[in-house]
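Under this note's numbering, the residues of the sequence shown are numbered 12 to 208, in order.
Following: one structure in structure tokens, then a few remarks.
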Amino acid sequence: MFVTFEGVDGSGKSTQAELLRDALVAEGRDVVLTREPGGTELGEAARELVLNGPEMSPWAETALFAAARAELVARVILPALGRGSDVISDRYVDSSLAYQGIARGIGIEPVLDLNLHVVQGLMPDLTVLLLVDLELAAVRSGATDRLEREGADFRARVDSAYRQLAARFPERIVALDAARPADELSEVIRERLRSRI
Ligand code: TYD
12 MFVTFEGVDG SGKSTQAELL RDALVAEGRD VVLTREPGGT ELGEAARELV LNGPEMSPWA
72 ETALFAAARA ELVARVILPA LGRGSDVISD RYVDSSLAYQ GIARGIGIEP VLDLNLHVVQ
132 GLMPDLTVLL LVDLELAAVR SGATDRLERE GADFRARVDS AYRQLAARFP ERIVALDAAR
192 PADELSEVIR ERLRSRI
């Protein structure tokens, strides 16, 4: 089972990805948790460049995220799934569709097209999209990297982008209101997965 978490910065995805990992491990499953960008040596280098590097064109940004993702899929995700582990990823292709495809204005299709090659066709069985109040998310996330410093307009574009993606891929993306306490939300997510794993 391959599950991804998505949402704006500060939506609480990382917490939920960890709580789901803990819940599955407690049930005796073998779980690999990854985060994007990062998770491999090249991915960490790309992460540093894209988050703390110079201003760059939208396509350069897309290509750096794609390079990190290609490594993660080839070296970590596919081997783990091949061994029979579950994989949970904190961000995946939908981040590029939302941030670069829609919010940066490249368009969903070209970014999806590139990414389908990059991930060798591997899309998640389920994607959990966490929807939060944008002001709360802004406070939670701070403004520590280049993308987080984009400000409220950009954050609103990303939020609307994710909602568009949820409408476009209703079988794969489950959108949940993330306002409730983390432990309650985690149980809701586990319940939603139960029918699938
Ligand atoms: P990170 O510090 O990991 O943020 P978060 O904890 O919110 O995931 O930084 C990831 C940033 O990179 C975040 O602002 C989203 C952005 N991003 C993209 O724009 N496109 C992508 O494909 C990915 C994976 C991330």
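Beta carbons are placed, not taken as given, at the ideal position from N, Cα and C, and that holds for glycine.
Cα-Cα separation, residue i to residue j
i: ASP194; j: GLY23; result: 11 Å
i: VAL150; j: VAL43; result: 29 Å
i: GLY50; j: MET12; result: 19 Å
i: ASN63; j: GLU159; result: 11 Å
i: GLU38; j: GLY95; result: 15 Å
i: ALA71; j: VAL143; result: 29 Å
i: ARG207; j: ALA78; result: 30 Å
i: ALA191; j: LEU137; result: With the sequence shown as reference, residue 191 is identified as Arg, and Ala is not the correct amino acid for it. Roughly 21 Å between the two C-alpha positions.
i: SER171; j: GLY18; result: 10 Å
i: ALA34; j: LEU196; result: 12 Å
Distance cut-off 7 Å: residue i Cβ against heavy atoms of the ligand TYD
i: ASP170; result: no
i: PHE76; result: yes
i: ARG32; result: no
i: LEU158; result: yes
i: PRO48; result: yes
i: GLN111; result: yes
i: ARG207; result: no
i: SER68; result: no
Option nearest residue i by Cα separation, candidates the options
i: TYR103; options: LEU127, ALA114 and GLU120; result: LEU127
i: VAL204; options: ARG86, ILE99, ASP170 and ALA56; result: Contrary to the premise, residue 204 reads as Leu rather than Val in this sequence. The shortest Cα separation from LEU204 among ARG86, ILE99, ASP170 and ALA56 belongs to ILE99.
i: ASP156; options: GLU66, VAL87, SER206 and LEU187; result: GLU66
i: SER25; options: ARG207, ALA189 and SER206; result: ALA189
i: ARG179; options: GLU120, ALA78, PRO90 and ASP20; result: GLU120
i: GLU82; options: LEU53, LEU108 and ASP164; result: LEU53
i: LEU125; options: VAL61, THR73, ARG115 and GLU202; result: THR73
Within 8 Å, strictly: CB atoms of residue i and residue j
i: LEU140; j: ILE184; result: yes
i: LEU31; j: VAL84; result: no
i: ALA148; j: ARG168; result: no
i: ALA57; j: LEU75; result: yes
i: THR15; j: PRO181; result: no
i: THR45; j: ILE113; result: no
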